[in-house]
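Letter 74 of the sequence shown, counting from 1, is numbered 74 in the UniProt record's numbering, and no numbers are missing.
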Amino acid sequence: MNAILRLVVLALFLFAQQAPAHAAPRGSAGEAVAMVKRASAFLQSKGRDEAFRHFNDPAGGFADRDLYIAVIEANGTMLAHGGNRRLIGKSLIDIKDADGRQFIRALLDTAHKQGSGWVDYKWPNPVTGQIETKSTYVEKAGELAILCGIYKQ
């Protein structure tokens, strides 16, 4: 009986090792792009007030693990931010990353000149507490820029 129990426990252990893991702790580039596109469509269909309420609410459907939506006006004012509501209403046009790069300007330039794209910069990861490379996908939506970023591993 003892040998059977050991075999059952071993089989369960091996099965657990083969089972797929739950969702990765970090969002992927594809997920960030998809979230921005979904947010852009939502903004267009619902309007600013309702969309920004959803974007700013962690339970509003636009936050997943370390992914969230942010919206910036062409002048650099943050209109929505799913990760830090204290940034809403602040002008961030001149904010610099750890290397001194004005990444908000780079995000706005990418959105308004190319329509969409990726911008890399160095930023503190709130999970690890370390300065890491963050890559943010930005897309133009009228005079606004909608963005979602990932930390590169």
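Cβ atoms here follow ideal geometry from the backbone N, Cα and C, with glycine treated the same way.
Do you know how far the Cα of residue j is from the Cα of residue i?
i: LEU67; j: SER116; result: 18 angstroms
i: MET78; j: ASN84; result: 10 angstroms
i: GLU31; j: ILE150; result: 9 angstroms
i: PHE55; j: ARG38; result: 11 angstroms
i: VAL33; j: LYS90; result: 25 angstroms
i: VAL36; j: ALA74; result: 17 angstroms
i: LEU87; j: ILE95; result: 12 angstroms
i: ILE72; j: ILE146; result: 7 angstroms
i: TYR137; j: TRP118; result: 4 angstroms
i: CYS148; j: HIS112; result: 16 angstroms
i: ASN125; j: ALA80; result: 19 angstroms
i: LEU43; j: ARG53; result: 11 angstroms
i: TRP123; j: SER45; result: 32 angstroms
If you drop the 5 nearest sequence neighbours on each side, which residues of the same chain put their C-beta closer than 7 angstroms to that of residue i?
i: HIS22; result: The predicted model places HIS22 with a pLDDT of 47, which falls under 50 and marks its position as unreliable; any figure quoted below should be read in that light. Excluding residues within five positions, none has a Cβ falling inside 7 angstroms.
i: GLY27; result: ASP64, ARG65, ASP66, LEU67 and ILE150
i: TYR121; result: ASP97, ARG101, PHE103 and LYS134
i: residue 164; result: Nothing in the structure corresponds to residue 164, since the chain is present only between 1 and 153.
i: SER40; result: GLU139, ALA141 and ILE146
Considering only residues of the same chain and omitting the five flanking positions on each side of residue i, which have a CB-CB separation below 8 angstroms?
i: PRO58; result: TYR68 and GLY82
i: LEU92; result: ILE72, GLY76, THR77, MET78 and ILE104
Smallest Cα separation from residue i: which of the options?
i: LEU107; options: PRO126, ASP49, GLY76 and GLY30; result: GLY76
i: GLN114; options: GLU139, ILE95 and ILE93; result: GLU139
i: ALA141; options: ARG53, ALA70, ALA29 and PRO25; result: ALA70
i: ASP109; options: GLU143, ALA29, ARG53 and SER40; result: GLU143
Considering only residues of the same chain and omitting the five flanking positions on each side of residue i, which have a CB-CB separation below 6 angstroms?
i: LYS152; result: THR133 and SER135
For the region 57–66 against the region 102–112, are there 3 or more C-beta pairs whose distance is under 8 angstroms? no
Between the region 47–55 and the region 130–140, can you find at least three pairs of beta-carbon atoms closer than 8 angstroms? no
Identify every run of the beta strand (DSSP E) within the region 14–100, keeping only runs that are complete inside it and at least 3 residues long; order them along the chain. 70–73 and 78–81
Return the chain-ordered ranges of every alpha helix (DSSP H) run that is complete within the region 101–145 and spans a minimum of 4 residues. 103–114
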